[in-house]
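Chains as they are written, first to last, in this note's numbering: chain A, 16 to 193; chain B, 46 to 134; chain C, 2 to 102; chain D, 711 to 830. Shown next, in structure tokens, is the structure this report addresses.
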Amino acid sequence: MEYVAYALVIFVILTGIATALLRDVLAAIIVFAAYSLGMALLYTLLLAPDVGLTEAVIGAGVTTILLLLTIVKTVRPGGERTFERLDPRAALACGALAVVFGLTLPDLPAVGDPNSPILSYDAVTGHYLTQSYAETGVENTVTAVLAAYRGFDTFGEATVVFAAGVAVLVVLRREVFT
Amino acid sequence: MVNDILLGAAAVFVVLVIVVLYRAVRGPTMQDRVLAVNVIGTNTVVILALLSAALDVPYFLDIALVYALLNFLMAVAISKFTVERGGVM
Amino acid sequence: MTPTEIAVIIFLGGGLFFTLVAAVGVIRLPDIYSRAHTASQADTLGAGLTLVAVALTLGLEISTLKTVLLLVFIFITNPTAAHAVARAAHEQDIEPWREDR
Amino acid sequence: MIELLATRWAYAAFILLMVTGIYMMIANANLVKKVIGLNLFQSAVFLFFIASAYVVDGSVPIVHSEGGGGPYVSPLPHVIVLTAIVVGVSLTAVALALIVRIYGEYGTLDEAVLREVSDD
Numbered sequence: 016m017e018y019v020a021y022a023l024v025i026f027v028i029l030t031g032i033a034t035a036l037l038r039d040v041l042a043a044i045i046v047f048a049a050y051s052l053g054m055a056l057l058y059t060l061l062l063a064p065d066v067g068l069t070e071a072v073i074g075a076g077v078t079t080i081l082l083l084l085t086i087v088k089t090v091r092p093g094g095e096r097t098f099e100r101l102d103p104r105a106a107l108a109c110g111a112l113a114v115v116f117g118l119t120l121p122d123l124p125a126v127g128d129p130n131s132p133i134l135s136y137d138a139v140t141g142h143y144l145t146q147s148y149a150e151t152g153v154e155n156t157v158t159a160v161l162a163a164y165r166g167f168d169t170f171g172e173a174t175v176v177f178a179a180g181v182a183v184l185v186v187l188r189r190e191v192f193t
Numbered sequence: 046m047v048n049d050i051l052l053g054a055a056a057v058f059v060v061l062v063i064v065v066l067y068r069a070v071r072g073p074t075m076q077d078r079v080l081a082v083n084v085i086g087t088n089t090v091v092i093l094a095l096l097s098a099a100l101d102v103p104y105f106l107d108i109a110l111v112y113a114l115l116n117f118l119m120a121v122a123i124s125k126f127t128v129e130r131g132g133v134m
Numbered sequence: 002m003t004p005t006e007i008a009v010i011i012f013l014g015g016g017l018f019f020t021l022v023a024a025v026g027v028i029r030l031p032d033i034y035s036r037a038h039t040a041s042q043a044d045t046l047g048a049g050l051t052l053v054a055v056a057l058t059l060g061l062e063i064s065t066l067k068t069v070l071l072l073v074f075i076f077i078t079n080p081t082a083a084h085a086v087a088r089a090a091h092e093q094d095i096e097p098w099r100e101d102r
Numbered sequence: 711m712i713e714l715l716a717t718r719w720a721y722a723a724f725i726l727l728m729v730t731g732i733y734m735m736i737a738n739a740n741l742v743k744k745v746i747g748l749n750l751f752q753s754a755v756f757l758f759f760i761a762s763a764y765v766v767d768g769s770v771p772i773v774h775s776e777g778g779g780g781p782y783v784s785p786l787p788h789v790i791v792l793t794a795i796v797v798g799v800s801l802t803a804v805a806l807a808l809i810v811r812i813y814g815e816y817g818t819l820d821e822a823v824l825r826e827v828s829d830d
């Protein structure tokens with residue numbers, strides 16, 4: 016289990032860096048699709064099948080199609096170089112940020128530690144895990160929280176999607192999706 | 046013991062995916078990249094099936110089915126969008 | 002070891018071998034058409050053998066049916082995708098590789 | 711150091727990927743690549759949430775009627791991430807529509823050229 020996870024993490028980081036450095040935008044989109052697949056696999060490996068499914072369909076499917084449609088409607092820079100030149104100032108700033116975040120690493124609980132705060136605090140997580148079937152009659156706790164306990168939140172999310180669709184139509188000056 | 050063998054095979058498959066990534070990043074033409082991503086997607090489906098058997102979580106197989114559909118869709122969509130004249134199939 | 006375990010190991014070894022061949026082919030072969038060839042044939046066979054191994058491990062369940070469905074699906078879609086990619090390459094006037102050039 | 715990375719690999723990957731996303735948004739001149747960087751950043755943050763919910767030898771939070779079963783993965787981060795993924799794709803769609811409009815108006819997607827053109 017650990018070795019699969021380590022190899023997947025290496026794959027995901029390599030694809031991420033390749034996406035950042037590839038000069039051709041279409042190549043970056045294709046490598047980003049591979050990144051999304053790897054990331055969805057990593058979510059699934061960390062026992063979040065619902066998230067893995069959603070990320071695969073939306074990250075690798077819908078986002079890739081949207082980016083491709085944008086590329087078809089606009090230009091992409093040509094050129095003979097495969098990779099972009101590294102911007103030293105931006106790289107330095109990002110490196111400093113990585114170091115600052117990295118200093119917090121020893122204070123975080125180990126991955127999968129059963130005594131980490133999010134898992135050991137029984138009043139929240141434990142309540143949902145033990146009571147959700149009795150209260151909502153749904154076996155999948157994620158679905159129970161998403162659709163029953165936080166139904167209004169999910170309703171607001173649907174509103175956001177609707178607003179985004181309207182905004183896209185307004186920005187593109189279209190009356191209907193074609 | 047079979048579970049350990051399946052997990053080891055999954056790890057080897059991920060390493061092979063990393064190897065194929067070279068072609069996706071490097072590959073001189075755009076079709077090389079699409080092909081490499083298609084191979085990566087097929088291997089991802091296989092890795093998911095192996096994990097499903099090894100960790101004994103049957104739900105992973107449903108996700109693998111979705112991945113297989115998506116992988117095919119992605120390969121055909123990208124090859125269709127990159128060709129000006131359209132007809133790929 | 003039971004006969005099922007031996008069969009699982011044999012199928013898994015075959016699957017790993019053919020996937021390795023596919024990966025080496027995708028890396029080492031000279032042009033897009035030969036790479037499409039190895040991706041559609043060696044990789045499909047490797048994935049198929051590995052899925053057979055998974056189905057054997059699971060035994061007779063509803064999951065086995067899903068694995069077999071996955072197998073059939075990969076056997077249909079993978080060569081189709083490789084065909085689409087090779088056809089797109091042909092439409093973009095990419096010349097096949099020849100030894101004398 | 712190695713031991714730290716071995717136990718906190720998901721958080722280390724989160725930091726690296728997040729920084730890569732920020733680098734793309736700062737350094738890449740092309741607007742489409744900035745949007746890709748935003749997506750990369752997003753999925754890195756999701757990885758942080760999912761990793762914090764994971765428990766060793768746990769199982770998927772599907773609780774059957776009889777109750778019991780081993781330790782379960784915490785379902786609450788999964789719910790937040792599910793909401794965030796859908797909101798994120800709405801954001802990407804609007805950003806890309808704006809990019810298409812910018813291209814129709816100015817005929818370029820390069821940041822520096824765009825600044826020059828819009829100043830005139």
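All C-beta atoms, glycine included, are put in the ideal place defined by N, C-alpha and C.
Am I right that A48(C) and I75(C) are in contact with their C-beta atoms under 8 Å? What's the rounded C-beta distance? 5 Å
Inset, instruction - Taking a Cβ distance cut-off of 8 Å, strictly less, list which residues of the stretch 733-745 of chain D are near chain A, in chain order. - result: Y733, M734, I736, A737, N738, N740, V742, K743, V745
Can you tell me which residues form a DSSP beta bridge with I772(D)?
N155(A)
| Taking DSSP as the reference, what is the three-state secondary structure of D122(A)? | helix
For R68(B), return the contacting residues in chain F, with the cut-off set at a CB-CB distance below 8 Å. Annotation note: the requested chain F is absent from the structure, which comprises protein chains A, B, C and D.
In whole angstroms, what separates the C-alpha of L62(A) from that of L726(D)? 22 Å
| message | Run through the DSSP bridge pairs and tell me what Y782(D) is partnered with. | response | S769(D)
Please tell me whether E96(C) has its Cβ less than 8 Å away from any Cβ of chain B. no
Just by C-beta distance, which residues in the stretch 4-38 of chain C are closer than 7 Å to chain B? E6, V9, I10, L13, L17, T20, L21, A23, A24, V27, I28, I33, R36, A37
| In chain B, what lies closer than 9 Å to L101(A) by C-beta? | Neighbours of L101(A) on chain B: none; closest Cβ ~16 Å, over 9 Å.
Beta-carbon of R165(A) versus every beta-carbon of chain D: anything under 8 Å? yes
Taking M75(B) as the query, report the chain A residues whose CB atoms sit under 9 Å from its CB, ordered along the chain.
D39, L41, A42, I45
Exercise. Would you identify the three-state DSSP class for N740(D), choosing helix, strand or coil?
Key: strand
ask   = Could you give the distance in angstroms between the alpha-carbon of L174(A) and the alpha-carbon of L801(D)?
value = Note that residue 174(A) is Thr in the sequence shown, not Leu. The straight-line gap from Cα to Cα measures roughly 13 Å.
Practice prompt. Whole angstroms is fine: what's the gap from Y164(A)'s alpha carbon to F759(D)'s?
Written response: 20 Å
According to DSSP, simplified to helix, strand and coil, what is L62(A)? coil
message: Taking contact to mean 3 or more Cβ pairs, one atom from each stretch, closer than 8 Å, check whether the stretch 7-27 of chain C and the stretch 108-121 of chain B are in contact.
response: no
| request: Would you mind telling me which residues of chain A sit closer than 7 Å to F126(B), beta carbon to beta carbon, in chain order? | output: L83, V87
* Beta-carbon separation (whole angstroms), K743(D) vs A43(A), contact threshold 8 Å -> 6 Å
Between A90(C) and T74(B), how many whole angstroms is the CB-CB distance? I'm expecting something under 8 Å. 7 Å
**Item:** For I92(B) and L66(B), believed in contact at Cβ under 8 Å, the rounded distance
**Value:** About 14 Å separates the two Cβ atoms, so there is no contact after all.
Check your understanding: Helix, strand or coil: how does DSSP classify L806(D) here?
Key -> helix
> Exposed or buried, which one is M134(B) when buried takes at least 16 other CB atoms within 10 Å?
Replying inline: Low confidence applies here, because M134(B) scores a pLDDT of 46, under 50, leaving its location unreliable and the question unanswered by this model.
### V139(A) to T78(A) span [Cα, whole Å]
34 Å
- Query: Based on Cα-Cα distance, which residue from T85(A), A125(A), C109(A) lies nearest to I732(D)?
  - Reply: C109(A)
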